[in-house]
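S.K.: First the structure, which I've put down as structure tokens, then a few questions once you've had a look.
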Amino acid sequence: MDVLSILASQGIIGNSFSLCFSPNGKGRLIFGDKGTRNQKRTPLDLTTENEAHNVLIEDIVVNQNVFKHVGLTVFFDSGTTFTVLSDPAYTFIADNFNSLIKEPRKQPSPRYFEYCYDLSQNQSSYWTPTLSLIMKGGQKFDVLFPTFHLHPVFAQLYFLRIIFLKCCLLFKKI
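Numbering (UniProt numbering) for the sequence shown: 1 to 174.
The following block contains the structure:
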């Protein structure tokens, strides 16, 4: 049982929480909070057997391209740097990103992520497509940093922050 459920079952706090992010990517978690009117909301997906905080992605949008009715349950974790997705969501995002990126793609290698792009020697910035997730309940969440730039001392590269989940191990509490 998680901290939120324990405190809520004892009547100490409400059975809700807010996870708030600022534009710089930092955030805070507030237990028992209902949030403010201008905060975006999505319900937790309680249909899974595990006790993790899962949410349901209904649609994925890359620029103007929409993948409707995805129905993808994902583990909600504010502390991860990269996102792990399975197909068909991964392929939709990766293919659409790749088709819109202007820089040349580096050949996939075990050393790098699958979607890696070369920057020219004097290039200090790059454009990336927008990525949004439409959650159960209809709220749109924009992915603020879908790529990351490897420090120029090592290489002039940037990567898509999404990793393909090739296999999955499921653990069930007994």
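All C-beta atoms in this analysis are idealised placements derived from N, C-alpha and C, irrespective of residue type, glycine included. None of the values given here were measured: they were computed from a predicted structure.
Out of Ser22, Tyr126, Val70, state which residue places its alpha-carbon closest to the alpha-carbon of phenylalanine 148.
M.R.: Indexing the sequence shown from 1 puts residue 148 at position 148. Comparing Cα positions, the closest option is Tyr126.
S.K.: How long is the line joining the alpha carbons of isoleucine 30 and proline 104, rounded to whole angstroms?
M.R.: For the purposes of this step, residue 30 is taken as residue 30 along the sequence shown, with counting starting at 1. For the purposes of this step, residue 104 is taken as residue 104 along the sequence shown, with counting starting at 1. Isoleucine 30 and proline 104: Cα-Cα distance of roughly 43 Å.
S.K.: So for aspartate 118, helix, strand or coil by DSSP?
M.R.: Start at 1 with the first residue of the sequence shown, and residue 118 comes out as number 118. Three-state DSSP puts aspartate 118 in a strand.
S.K.: Rounded to the nearest angstrom, how far is the Cβ of phenylalanine 164 from that of leucine 85, given a contact under 8 Å?
M.R.: Within the sequence shown, the letter at position 164 stands for residue 164. Within the sequence shown, the letter at position 85 stands for residue 85. Between leucine 85 and phenylalanine 164 the Cβ distance is about 7 Å, and since that is below 8 Å, they are a contact.
S.K.: In or out: residue 176 buried (at least 16 other Cβ within 10 Å) or exposed?
M.R.: Past the edges of the chain, shown from 1 to 174, lies residue 176, and the structure says nothing about it.
S.K.: Quick check: the Cα distance between alanine 155 and leucine 100, rounded to an integer number of angstroms?
M.R.: Residue 155 sits at position 155 when you count from the first residue of the sequence shown. Residue 100 sits at position 100 when you count from the first residue of the sequence shown. Near 22 Å, if we compare the C-alpha coordinates of leucine 100 and alanine 155.
S.K.: Using a Cβ-Cβ cut-off of 8 Å, state whether aspartate 59 counts as contacting chain D.
M.R.: Reference to chain D is not applicable here, since this structure consists of a single protein chain.
S.K.: If you compare alpha carbons, which of Ala8, Lys136, Val55, Ser22 is closest to aspartate 33?
M.R.: On the sequence shown, position 33 is the one that residue 33 refers to. It is Ala8.
S.K.: Quick one: what does DSSP say threonine 73 is sitting in, helix, strand or coil?
M.R.: One-based indexing of the sequence shown puts residue 73 at position 73. Here threonine 73 sits in strand by DSSP.
S.K.: For phenylalanine 164, list the residues DSSP reports as bridge partners.
M.R.: Taking the first residue of the sequence shown as position 1, residue 164 is located at position 164. In DSSP, phenylalanine 164 forms a bridge with Leu85.
S.K.: Which of the three DSSP states, helix, strand or coil, is assigned to asparagine 38?
M.R.: Indexing the sequence shown from 1 puts residue 38 at position 38. Coil at asparagine 38, not helix or strand.
S.K.: Strictly by DSSP, which residues pair up with threonine 147?
M.R.: Stepping through the sequence shown from its first residue, residue 147 is reached at position 147. Note: threonine 147 sits in a beta bridge opposite Leu160.
S.K.: Rounded to whole angstroms, what is the Cα-Cα separation between residue 208 and serine 22?
M.R.: Shown here, the chain extends from 1 to 174; a query on residue 208 therefore has no answer.
S.K.: Closest to glutamine 123 by CA distance: which of Cys116, Leu157, Leu131, Pro146 is it?
M.R.: Here residue 123 is taken as the residue at index 123 of the sequence shown, counted from 1. Ranking the options by Cα distance to glutamine 123, first place goes to Leu157.
S.K.: Grouping DSSP H, G and I as helix and E and B as strand, with all else coil, what is alanine 155?
M.R.: In the sequence shown, residue 155 corresponds to position 155, counting from 1. Three-state DSSP puts alanine 155 in coil, outside helix and strand.
S.K.: On the criterion of 16 or more Cβ atoms from any shown chain inside 10 Å, does phenylalanine 113 qualify as buried, or is it exposed?
M.R.: As a working note, residue 113 is residue 113 in the sequence shown. Phenylalanine 113 comes out buried.
S.K.: Can you tell me which of Pro108, Ser109, Asp87, Tyr115 puts its alpha carbon nearest to the alpha carbon of phenylalanine 97?
M.R.: One-based indexing of the sequence shown puts residue 97 at position 97. When each option's Cα is compared against that of phenylalanine 97, the closest is Tyr115.
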